[in-house]
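> Following numbering that gives the first Met the number 0, the numbering of the sequence shown begins with 0 at its first residue and continues without gaps. Every residue, glycine too, gets a C-beta built ideally from N, C-alpha and C. This one's a predicted model, so the numbers in the text were calculated from it and none came from an experiment. I am attaching a structure below and will ask some questions about it afterwards.
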Amino acid sequence: MAPRVQLEKAAWRWVETVKPEEIRQEHIELAYRINLPACKRGACRRNCKGNPNCLVGIGEQAWLGEIDESAFHSIDDPNSERREKNTFVGLTNLGATCYVNTFLQVWFHNLELRRSLYQCQNSRAEEHDTESDYEPQSICEHLQYLFALLQNSNRKYIDPSGLVKALGLDTGQQQDAQEFSKLFLSLLEDTLSKQKNPNLRNVIQQQFCGQFSYVTVCNQCGRSSALPSRFYELELNIQGHKSLTECVTEFLKEEKLDGENRYFCETCQSKQNATRRIKLHSLPPTLNLQLMRFVFDRQTGHKKKLNSFISFPEQLDMGPFLEEKQDEKCVYELSAVLIHRGISAYSGHYIAHVKDARTGDWYKFNDEEIEKMEGKKLQLGIEEDIAETVKSQTKKPKCSKGYHCSRNAYMLVYKVQQEESSGPIRTNVEVPAFLQRLVDQDNHKFEEWCSEMTDMRKQSVDKGKAKHEEVKELYKLLPTRDGEPYEFIPLDWLKKWLDDSTATKEIDSSRFLCSHDKLHPDKVGDSRKVSMQAAQLLYERYGGGPRLNESSLCRECVSQRCRVLRLKNQLSEDYKEISNLVKRTFSGAGFWVGKASLRSWRQLALEQLEEDEHETAHNNSQTNGQGPHTNNKFSSELSECTEDEMKTFNEDIACSHGGLSILETERKLVSPEVWTKFREYFPKAPEFTQDQEACQQCLTMEQEEKDNEAVSKMMALDQKNQLLNLFHEKNRPALTKWPQGTDVLYVVPLFFVDEWRKFIRRPTKSSPVSNVSNTLLLCPHGGFMFTYDSLINGEAQHVALLWPSEWDVISRLFIVDQPISIHCLKRTTPSGSTTQYTTQPDLCWECRESFLFQQQRDLREYTQATIYIRKVIEDKRMIKEAAPELSVSSSEAEEEKEEHPKLDGEKDPDFSQSQDGAKRLKLSDSSVSTAAAGVVTNVAKPGGIRRSTRHRKLRGEKALIVSANQTLKELKIQIMHAFSVAPFDQNLFIDGKSLTDDSATLGSLGIIPESIICLKADEPIADYAAMDDVYQVRMPEEGFKGTGLLGH
0 MAPRVQLEKA
10 AWRWVETVKP
20 EEIRQEHIEL
30 AYRINLPACK
40 RGACRRNCKG
50 NPNCLVGIGE
60 QAWLGEIDES
70 AFHSIDDPNS
80 ERREKNTFVG
90 LTNLGATCYV
100 NTFLQVWFHN
110 LELRRSLYQC
120 QNSRAEEHDT
130 ESDYEPQSIC
140 EHLQYLFALL
150 QNSNRKYIDP
160 SGLVKALGLD
170 TGQQQDAQEF
180 SKLFLSLLED
190 TLSKQKNPNL
200 RNVIQQQFCG
210 QFSYVTVCNQ
220 CGRSSALPSR
230 FYELELNIQG
240 HKSLTECVTE
250 FLKEEKLDGE
260 NRYFCETCQS
270 KQNATRRIKL
280 HSLPPTLNLQ
290 LMRFVFDRQT
300 GHKKKLNSFI
310 SFPEQLDMGP
320 FLEEKQDEKC
330 VYELSAVLIH
340 RGISAYSGHY
350 IAHVKDARTG
360 DWYKFNDEEI
370 EKMEGKKLQL
380 GIEEDIAETV
390 KSQTKKPKCS
400 KGYHCSRNAY
410 MLVYKVQQEE
420 SSGPIRTNVE
430 VPAFLQRLVD
440 QDNHKFEEWC
450 SEMTDMRKQS
460 VDKGKAKHEE
470 VKELYKLLPT
480 RDGEPYEFIP
490 LDWLKKWLDD
500 STATKEIDSS
510 RFLCSHDKLH
520 PDKVGDSRKV
530 SMQAAQLLYE
540 RYGGGPRLNE
550 SSLCRECVSQ
560 RCRVLRLKNQ
570 LSEDYKEISN
580 LVKRTFSGAG
590 FWVGKASLRS
600 WRQLALEQLE
610 EDEHETAHNN
620 SQTNGQGPHT
630 NNKFSSELSE
640 CTEDEMKTFN
650 EDIACSHGGL
660 SILETERKLV
670 SPEVWTKFRE
680 YFPKAPEFTQ
690 DQEACQQCLT
700 MEQEEKDNEA
710 VSKMMALDQK
720 NQLLNLFHEK
730 NRPALTKWPQ
740 GTDVLYVVPL
750 FFVDEWRKFI
760 RRPTKSSPVS
770 NVSNTLLLCP
780 HGGFMFTYDS
790 LINGEAQHVA
800 LLWPSEWDVI
810 SRLFIVDQPI
820 SIHCLKRTTP
830 SGSTTQYTTQ
840 PDLCWECRES
850 FLFQQQRDLR
860 EYTQATIYIR
870 KVIEDKRMIK
880 EAAPELSVSS
890 SEAEEEKEEH
900 PKLDGEKDPD
910 FSQSQDGAKR
920 LKLSDSSVST
930 AAAGVVTNVA
940 KPGGIRRSTR
950 HRKLRGEKAL
960 IVSANQTLKE
970 LKIQIMHAFS
980 VAPFDQNLFI
990 DGKSLTDDSA
1000 TLGSLGIIPE
1010 SIICLKADEP
1020 IADYAAMDDV
1030 YQVRMPEEGF
1040 KGTGLLGH
């Protein structure tokens, strides 16, 4: 089928030969495309938008033919949530709780710990009514219930949110896994110690606690002192080591105490050189070895991860490391490996590899997913490929049989080797009856959920099958046959009817109506012609309306469109004819036409015709809920017209009073023949005959304007002659050197002088100045806001100084609300002459101090202000090339284009001073009110030097957007992005003062807007992972502060 535009053209091609009054039924049917051939399935790839008879590609292909039942529902098989036989249960990750899940799985597989927990008294669980949900309270109760579910639940994974909530953990923040392990076991030990059963009070100690002592030997007298201690895990340093044996050896290595670290010997009664070492005395059944991968970096002030390989054996003999072996079992077997994926200490993912104590099989626990390893062997697999992005890449070493290598293992769990005779006696742990009853309750809820989901799937399938039969039945009835009655159904409704994902609503055809309550010709392409039989069935089942049939074809709309299209076709010929007629001379009376209208009449005519063509499309907008021109394809062009653009032909020579414009150069005289042509297209255009006079009101106003301009010129010339020096800024008085011959100078706002000069320069374009508003320089109490010293030191930018003679002229020419003067009083005393300066009115000290206080506070409480970072090298010269910009402030695009010359003797290019000690700042209209309140935009500096309002940026310097309340540490992170210099390599200075307190705010450090901070960079480090850690840590690390692990 032809494209939509071609179909529209073909539908109206007959208008070239048919006048509106000659329209017959066949022309109406052509306009509504009633007899276009229907498309056949397979012939069209998609639905033909302009053909009302095309019923292909509207969604029917999904229903015709056989359909699989799975297409009728979006509900997953509930059995996919069911635990498979001979597998373990996973734990849901609540956001960032993977570190909790790994330890829970490891502790669950510690059979002695699980057995002991099951024996803990729990009266709440024993007395619980299974009609309601069980809610554990204590940590012990939560762990009991969780372990029972992990053992006998029918679910594939369970939700640990109860325990996590009881501990008060933030589910969105990843914490230190090793710290969590220590704190949780400590909390569990404290909880179990309160049990009535004495066999349970020391379970944690019996399982995880060993003993060692710190032994110190004096080199002088040989005295040995031992400090016994208990441990629950051995924290092994891995830096510089390749194997677990090396780590344990270093842990027990002898340490020398000398120099400032000497030992105070009780025998010698003085500090002596000594040696200290750790001696292992006993080991627990479960030996936890913490590999210290996450270490504190003194340079960055944050943790970083060590991604070095460490090899460890499946069987570990701790005999060589024990001091007194006795009969203690020293051979351990690997039972769990805890893995951290990722190169940074502040991001990544935790998983656990755990050995099943009953079968010897290895499993990988990754939150909800559990994978059994093949061949009863530990397979770390891809866990060792995650860190390939580390810059300092080291090749994975080869491991001998019985050993494993890992760069991500952070904890190893070893269990003492059991004798083979122990058998299954100690490997079977039964869930107590009171806990099994709660597990059965949860399993019952799960089975009910599975049954409910199964029923929902069945209902969806039954509903889909019924819809399938309905579509197959009705779709065959949709096409119309020649001569049979038909109706129009909205195309979008048919598509939604065939889209099973949306509920089918009633049929709404109201938005397709024209102003005559019939089907609009433009809407026929968005509807489909169907048989009356099919339409009757659809309306019976779904309702709606109004129903549109063959009697709904609108003759009035077709006639109007015919008239407009004929005029549009005639427009090109009329344009050529009018262009020729305008060039010819004619005799007799004519008509005035605006030259702008003459230039654009063709476009105006086209827009007028388009408006006429679519004016009936939405005249019933109140009924249909749509505004005018919604579907006009030219509406976007019309909407772009502004208020100032011409909307009506010939309105450019109509004045505001409705008469003929007085601007004769803007209009042209045309013949009656031309005007008649224009009237065909613009029947409502304003008409002006050749004899019509111009608007008298406009002529009067023009004369008044000329008279006013003459008066303004005379006034400006008179004022300029009387204040010639003030206009040219010649012979101006200055406070830095009081002029001789006068003891008084007068003050006016600089804003007044600027506005007055504008008027003098362009008296016909600017309004004359009538008054001097000196109250802008006064406080609410009527006191002057500036001192003599402050005016010298930078605040004179708001005022202009006048000679007494000039003041006399200004007082005579303008209305002055309050005279302001500065007086110089010279007195001669025996000790010499003194000079005193006073102001009239006097200074208001109260408001002055308040103003200064507010000024200083504003400098300490700014937000989104610009400062400049200037990178220097050793000899303090600017570097020539800056680092590539990673995240530079957008304020660099706003840097000033004007630069001021540097004065001799000036050290800092950021400061400048004008000739009289202060550069004047023009006050805008909006700043007048702020000046009255005493707000000054520039800060005065000691010695008469003030900060320039324009900063001259040098090469190698970058602008940053900062706020007063952000810390120096946060600023260093911004600098790191701008200059690629890590925070610990940054040395920052302002005015020669070093900035070192990372926790201090910029406001407290004296960093104000427009400040220049010098950056001296140390040699960059090669540890990119450390930079990654610094980048990610923005807030101080609080660990488990405020959680249940610390007793809160």
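Taking DSSP as the reference, what is the three-state secondary structure of E1009?
Coil, per DSSP.
> Going by CA-CA distance only, name the one from D296, F311 and P312 that's closest to L305.
Closest option to L305, Cα to Cα, is D296.
> For E650, which residues in the same chain have their Cβ closer than 7 Å to its Cβ, ignoring the five residues on either side in sequence?
Cβ within range, chain order: P685.
> How long is the line joining the alpha carbons of E245 and S399, rounded to whole angstroms?
Near 16 Å, if we compare the C-alpha coordinates of S399 and E245.
> To the nearest angstrom, how far is the alpha carbon of Q287 from that of L377?
One point to set straight first is that residue 287 is Asn, not Gln, in the sequence displayed. So the alpha carbons of these two residues sit roughly 18 Å apart.
> Is DSSP giving V934 helix, strand or coil here?
Residue placement at V934 is poorly supported in this model, since its pLDDT is 31, which falls under 50; the coordinates still yield a value, given next. DSSP places V934 in coil when its eight states are reduced to three.
> So, for Y787: in the same chain, excluding its five sequence neighbours on each side, which residues have a beta-carbon less than 6 Å away from its beta-carbon?
Around Y787: Y836.
> Determine the closest residue to S1050 out of E140, Q298 and R229, with distance taken between C-alpha atoms.
As displayed, the chain neither begins before 0 nor continues past 1047, which places residue 1050 out of reach and without an answer.
> Helix or strand or just coil, what does DSSP make of P732?
In the structure shown, P732 sits in coil (DSSP, three-state: anything other than H, G, I, E or B).
> If you drop the 5 nearest sequence neighbours on each side, which residues of the same chain put their C-beta closer than 8 Å to that of R560?
Counting only Cβ-Cβ distances below 8 Å, and skipping sequence neighbours, we find W11, V14, A30, P520 and E612.
> For the alpha helix (DSSP H) containing F750, list its first residue and its last residue.
Here the alpha helix (DSSP H) through F750 covers L749 to R760.
> Given H656, which residues of its chain have a CB within under 8 Å of its CB, disregarding the five upstream and five downstream residues?
Once the five neighbours on either side are set aside, the close Cβ partners of H656 are C694, Q696 and C697.
> Measuring only the C-alpha atoms, how far is L902 from E1009?
With a pLDDT of 36 at L902, under the threshold of 50, the modelled position of that residue is not reliable, and no figure is offered here.
> To which residues of the same chain is P19 closer than 7 Å at the C-beta, ignoring the five residues directly before and after it?
Here the set comprises S558, C561 and R562.
> For V523, collect the residues of the same chain with a Cβ closer than 7 Å to its Cβ; drop the 5 residues on either side in sequence, then sort them by chain order.
Here the set comprises Y31, R32 and P51.
> A958 to N773, Cα distance in whole Å?
Between A958 and N773, the C-alpha separation is close to 39 Å.
> Please name the residue, chosen from V330, I974 and F585, that lies closest to P319 on a Cα-to-Cα basis.
It is V330 whose Cα lies nearest to the Cα of P319.
> Going along the chain, which unbroken runs of the beta strand (DSSP E) with 3 or more residues stay wholly within the region 451 to 535?
DSSP runs (the beta strand (DSSP E)) wholly in the region 451 to 535: 485 to 489 and 526 to 530.
> Kindly identify the DSSP beta-bridge partner or partners of Q271.
Per DSSP, Y262.
> According to DSSP, is E708 helix, strand or coil?
E708: helix per DSSP, three-state reduction.
> Which one or two residues does DSSP pair with H348 in a beta bridge?
Bridge partners of H348: R340.
> My output table needs one value for W448: the three-state DSSP class, helix, strand or coil.
In this structure, W448 counts as helix in the three-state DSSP scheme.
> How far does the alpha helix (DSSP H) with H26 in it extend, from its first residue to its last?
Unbroken alpha helix (DSSP H) run through H26: Q24 to A30.
> In angstroms, rounded to a whole number, what distance separates the CA positions of T1042 and T453?
So the alpha carbons of these two residues sit roughly 41 Å apart.
> Within the continuous beta strand (DSSP E) that includes C404, where are the two ends?
Y402 to S405 is the extent of the beta strand (DSSP E) around C404.
> Identify, in the order they occur along the chain, each residue of the same chain with its Cβ nearer than 6 Å to the Cβ of P484, setting aside the five sequence neighbours on each side.
Cβ within range, chain order: M531.
> Restricting to runs no shorter than 4 residues, where is the alpha helix (DSSP H) found entirely within the region 173 to 224?
Complete alpha helix (DSSP H) runs here, min 4: 176 to 191 and 202 to 207.
> If I follow the unbroken beta strand (DSSP E) through H976, where does it start and stop?
Note, H976: premise wrong, no beta strand (DSSP E); alpha helix (DSSP H) at L967 to F978.
> W361 lies in the beta strand (DSSP E); which residues open and close that run?
Start and end: W361 to N365.
> Helix, strand or coil, according to DSSP, for A795 in the structure here?
The answer is helix: DSSP assigns A795 an H, G or I state.
> Taking the alpha-carbon positions, what's the G482 to N34 distance?
Roughly 11 Å between the two C-alpha positions.
> Taking the beta carbon of T16 as the centre, do at least 16 other beta carbons fall within 10 Å, making it buried, or is it exposed?
T16 is exposed by the Cβ-count criterion.
> Mind reading off the beta-carbon distance from L437 to H127? Whole number of angstroms is fine, and I expect it under 8 Å.
Between H127 and L437 the Cβ distance is about 7 Å, and since that is below 8 Å, they are a contact.
> Go through its chain and collect everything with a Cβ distance to E80's Cβ below 7 Å, but skip five positions before and after it.
Excluding residues within five positions, the ones whose Cβ falls inside 7 Å are R154 and K155.
> Between the region 733 to 745 and the region 704 to 712, do three or more beta carbon pairs fall short of 8 Å?
With the cut-off at 8 Å, the region 733 to 745 and the region 704 to 712 do not touch.
> With 8 Å set as the bound, which would you pick, yes or no: does the beta-carbon of D788 sit closer than that to a beta-carbon of chain C?
No chain C is part of this structure, which consists of one protein chain only.
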